[in-house]
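For the sequence shown, the numbering used here puts the final residue at 1548, and the numbers step up evenly by one. Beta carbons: idealized from backbone N, C-alpha and C, even for Gly.
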Amino acid sequence: MKPGDLGKLATALAANRALGIVSELPLDDIDGPVEARALQSAALDAFCTDLDGYALVGTNPICRGSLGLRQPIFGPIANNAHGPDRVLYHLPKGIVGAQCEFVFQLGRVFPGDGEPIDRVTAANAIVACQPAIGLLGRRTQHPPRDDFGASADFALHVATLCGPHAASPDLMELDRILVTARINGREVARAAASTICGHPLDAVAWLAKELALQGQRLYAGDLVATGSCTPILQVLPGQQLEVDFGPIGRARASFS
1293 MKPGDLGKLA TALAANRALG IVSELPLDDI DGPVEARALQ SAALDAFCTD
1343 LDGYALVGTN PICRGSLGLR QPIFGPIANN AHGPDRVLYH LPKGIVGAQC
1393 EFVFQLGRVF PGDGEPIDRV TAANAIVACQ PAIGLLGRRT QHPPRDDFGA
1443 SADFALHVAT LCGPHAASPD LMELDRILVT ARINGREVAR AAASTICGHP
1493 LDAVAWLAKE LALQGQRLYA GDLVATGSCT PILQVLPGQQ LEVDFGPIGR
1543 ARASFS
């Protein structure tokens, strides 16, 4: 893709996200992961000025299948697309659904110099954990046929709505938690947290390894949204989604 075409496409992606609309965008023309990252970065520059961390999508194989992804993808969380739960959230056009996920906050650089990247070191770098609802959506009328287009489209991220911080969570035991989702009080999904990469902490380690391949790291204050342990849940205006993460707490949001 020519630089001028990439710039125009990035501007269109950013405008669609800001306005909550979809249009015909040539995301199937992206030539590989490097170009996808460049387009995602340019679109983010046009959409926001501050980033709060990273959102992962497709860390659960069921979610990958429903989204047409071959592997997990990730993208930065824009500051203006991150906030508290218990809000009335207006769903934009192109909404795909909701993720039931954990959000971790890093307390230091990860990985440190020479530090291995694994579940244990990830836990050591985390200082906070929150239950969260992640909203996914597309800015194009037709889903791209590969992971590159989805990655360029802000990694499908729309918003991350976080519940209260968990009190003294046992991070190494998170995979044992059973997560239950209810829409308007009716149970619609139940899943073990272990469906996220085998353990939610492994999602953080996976992200750190992917960033390392790009010469980047996680830093103190960064958030990491792990991706969904349940299937992607369809949410509609007029509905309320409540997700119970057991000892970690609950996340709630209403939609219009």
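query: Would you say the region 1443-1452 touches the region 1424-1432, given that touching needs at least three Cβ pairs under 8 Å?
result: yes
field: C-beta atoms of Ile-1322 and Phe-1394 nearer than 8 Å
entry: no
- prompt: Cβ atoms of Val-1471 and Phe-1537: under 8 Å apart, would you say?
  reply: Yes, they are a contact pair.
message: Taking only three categories from DSSP, how would you classify Asp-1536?
response: strand
- prompt: Is it buried or exposed for Ile-1313, if we count other Cβ within 10 angstroms and need 16 for buried?
  reply: exposed
message: For Phe-1547, tell me which candidate among Leu-1505, Pro-1492, Ala-1302 and His-1382 has the shortest Cα-Cα distance.
response: His-1382
message: Taking its Cβ as the centre, do 16 or more other Cβ atoms sit within 10 Å of Pro-1539, making it buried, or is it exposed?
response: exposed
field: Span separating the alpha-carbon of Pro-1408 from that of Gln-1332
entry: When rounded, the distance between both Cα atoms is 28 Å.
Asn-1352 classed as buried or exposed, judged by whether at least 16 other C-beta atoms fall within 10 angstroms: Burial call: buried.
Start-end ranges of the beta strand (DSSP E) lying completely within the region 1472-1533, minimum 3 residues: 1478-1484 and 1515-1517
message: Quick check on Cys-1392: does DSSP put it in helix, strand or coil?
response: Cys-1392 falls in the strand class under three-state DSSP.
task: Check whether the Cβ atoms of Asp-1344 and Asn-1371 lie closer than 8 Å to each other.
output: yes
task: Look at the alpha carbon of Pro-1364 and the alpha carbon of Pro-1318, and state the distance between them as a whole number of angstroms.
output: In this structure, the CA atom of Pro-1364 is about 22 Å from the CA atom of Pro-1318.
- prompt: In chain order, which continuous runs of the beta strand (DSSP E) of length 3 or greater are located wholly inside the region 1375-1422?
  reply: 1387-1398
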